[in-house]
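When we follow our numbering, the leftmost residue of the sequence shown carries the number 1, and every step to the right adds one.
Step one of this worksheet: look at the structure below.
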Amino acid sequence: LKVSLDPWKIRLASPDGPAPNGWIDGRIMQITDEGGHVRALIDVGLPLAVLIDGPAYQASGFMAGGRARVYCPPEAVEVV
Numbered sequence: 001l002k003v004s005l006d007p008w009k010i011r012l013a014s015p016d017g018p019a020p021n022g023w024i025d026g027r028i029m030q031i032t033d034e035g036g037h038v039r040a041l042i043d044v045g046l047p048l049a050v051l052i053d054g055p056a057y058q059a060s061g062f063m064a065g066g067r068a069r070v071y072c073p074p075e076a077v078e079v080v
């Protein structure tokens with residue numbers, strides 16, 4: 001059994017207020033520019049990769065070492 005997560009479908013938000021159901025708070029461990037988009041590695045108890053469009057990242061204010069809230073919708077999960 002193998003479970004994979006589509007990093008394009010995982011959502012990232014600022015951790016303001018209490019977390020809504022299904023959202024997990026974490027810390028941004030690494031941010032990597034990948035030419036037109038950004039890969040953020042978020043520690044939520046295990047490392048989780050999230051891909052963000054470049055302009056959306058620029059507007060987000062996320063920085064390495066900062067906090068972020070992560071949501072992994074069911075359509076992001078693939079079981080093989």
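C-beta atoms are modelled at their ideal positions from N, C-alpha and C, and glycine is treated no differently.
C-beta atoms of residue i and residue j nearer than 8 Å
| i | j | result |
| --- | --- | --- |
| residue 6 | residue 15 | no |
| residue 76 | residue 10 | yes |
Nearest-angstrom Cα separation, counted from residue j out to residue i
| i | j | result |
| --- | --- | --- |
| residue 65 | residue 23 | 19 Å |
| residue 13 | residue 34 | 20 Å |
| residue 29 | residue 3 | 22 Å |
| residue 50 | residue 72 | 10 Å |
N- and C-terminal bounds of the beta strand (DSSP E) containing residue i
| i | result |
| --- | --- |
| residue 26 | 23 to 33 |
Among the options, nearest to residue i - alpha-carbon criterion
| i | options | result |
| --- | --- | --- |
| residue 70 | 34, 3, 27, 31 | 27 |
| residue 63 | 3, 20, 41 | 41 |
| residue 52 | 45, 61, 44 | 61 |
| residue 36 | 43, 58, 47 | 58 |
| residue 67 | 1, 17, 3 | 17 |
| residue 55 | 38, 47, 48, 46 | 38 |
Range of the contiguous alpha helix (DSSP H) that encloses residue i
| i | result |
| --- | --- |
| residue 14 | From DSSP, residue 14 is part of no alpha helix (DSSP H); its letter is neither H nor E. |
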